[in-house]
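In our numbering, the protein residues as written are 17 to 484.
Below, the structure is given as structure tokens:
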């Protein structure tokens, strides 16, 4: 799931002739820097608000299979460190020796049934198995603040045979420029499955809004500058390894002691448990959990005024509980419990990988899908009531027609939802429900003061290339 948030003030300024005081070049300069700053806080989202729990068996630990797209998203040094730490975390030991699959499938499958070779449980495998953010090349950094930089990186990736230049560049955070989308903002592309829209997605979007605002506050105060977060593949990989390590559930990561990323070092100074690595000379060994708590502390202290203005105090209290009590409060903990509810076990590693993944797929398609459908319809009900009371005369007449001509529109809507629960909807009922959703979206846009995407044509084509 992708979530786009925009700024009305920046959009209005950008819409002025010549871009006003916020022309395209400045929008790109500030937007790229804001993305680099926000990436340091993205580990706070992984597993806490959304997740995609997955089991890998011993036979799945061929590196070319298990690492997914990470070879194109991390520098070799960080990829090697991550792979070694992942193998150490996983259940891959036989008679005290750590193994990885090395033979044909029938042999690896037979070995996977031996004690000690259960494989691993991954909190958010979608972020590993999907190209969420390609690494910049040495010649073409994607976030250096220069117009056209992503097109140059796409050309490099295309020349290397990694990615088709006709597709939109995949990034964790993507700048939504006025020229392309008709508004100024950012799109978060690091979400997987939400256990609940209200309890999880809404909180995640509020946190996304907070860190976006904080990034601009850093720029205004001078604490955030392009030179403090260098645009090299190594520096880019250094901060993103934290994100991918959290998706894998790794307990530690490593940062160069002479790192040029001064923003990252600022967070590390507040991170408990950091020590000099014995295995990797010249590196700090950083606990993943303590880094997340330090990032939250930085957010609370540096963004105190924003937190008060946006009313995010309870949000951050809830986030702290998700970090400290992941089994009970986090998204991955709650999803895992729901998946295992009828399996008779309490831990994912107590089930074979194929069985756990089959149970997960069944839960997503059946129970979670229905829970989110009912949650969405429940959220729609207040808008229906508002339309019945505040809508225009034409809207009320149309709404009454869609709901069978009944006067009490909210009761009619409840009856429609009840027939859906009982799977007794007719074709006309389903069409009425679809039209009702569209009308409610129009009402929400009107309340938000949105009348359109802005003037002019905007290049908002699909990010997926389709051959003609």
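Yeah, the Cβ is synthetic: ideal placement off N, Cα and C, and Gly gets one too.
The structure presented is a predicted model; accordingly, all values stated were derived computationally and were not measured.
As a beta-bridge residue in DSSP terms, residue 200 pairs with 23. Linking residue 348 to residue 62 through their CA atoms gives a straight-line distance of about 9 Å. One thing to note: residue 83 has its Cβ no nearer than 8 Å to the Cβ of residue 259.
Shown here, residue 176 sits in coil according to DSSP, grouped into three states, outside any helix or strand.
Residue 318 carries a helical assignment under DSSP once its states are collapsed to helix, strand and coil. With contacts defined as CB atoms closer than 8 Å, residue 273 and residue 289 fail to qualify as a contacting pair. DSSP, read as helix, strand or coil, puts residue 357 in coil. From the listed residues 17, 22 and 355, the smallest Cα separation to residue 464 is found for 22.
One alpha carbon belongs to residue 375, the other to residue 362, and they sit about 14 Å apart. In this model, residue 158 and residue 346 are separated by some 32 Å (Cα to Cα). Taken through DSSP and simplified to helix, strand or coil, residue 148 comes out as coil. About 7 Å separates the beta carbons of residue 128 and residue 135, which is inside the 8 Å limit, making them a contact pair. Taking 8 Å as the cut-off, the Cβ atoms of residue 300 and residue 315 do not count as close. In the pairwise beta carbon analysis, the region 61-78 is classified as touching the region 139-147: at least three pairs are separated by under 8 Å.
As for any alpha helix (DSSP H) of minimum length 4 sitting wholly inside the region 253-290, the runs are 278-284, ordered along the chain.
By the Cβ test, the region 308-322 is in contact with the region 228-239, since at least three Cβ pairs between them sit closer than 8 Å.
Going by beta carbons, residue 36 and residue 43 fall outside the 8 Å limit.
Residue 192 sits in a strand when the DSSP states are folded into three classes. Between residue 278 and residue 248 a beta carbon distance of about 14 Å is seen, past the 8 Å cut, so the two are scored as non-contacting.
Taking 8 Å as the upper bound for CB-CB distance, residue 455 and residue 403 are in contact here, some 7 Å apart.
Residue 169 places its beta carbon less than 8 Å from that of residue 152.
For the region 58-88, the full-length beta strand (DSSP E) segments reaching 3 residues or more read 70-72 along the chain. Where residue 48 is concerned, there is no enclosing beta strand (DSSP E), although the alpha helix (DSSP H) around it starts and stops at 40-55. Under the three-state reduction of DSSP, residue 118 is assigned to coil, being neither helix nor strand. Where residue 445 is concerned, the enclosing alpha helix (DSSP H) starts and stops at 443-463.
In this structure residue 105 touches residue 265 by the C-beta definition: roughly 7 Å separates them, less than 8 Å.
Taken in chain order, the unbroken stretches of alpha helix (DSSP H) that lie wholly in the region 96-140 and span 4 residues or more are 121-127. In the structure shown, residue 379 falls within a helical segment according to DSSP collapsed to helix, strand and coil.
Residue 209 sits in a strand when the DSSP states are folded into three classes.
According to the DSSP secondary-structure assignment, residue 364 is paired through a beta bridge with no residue.
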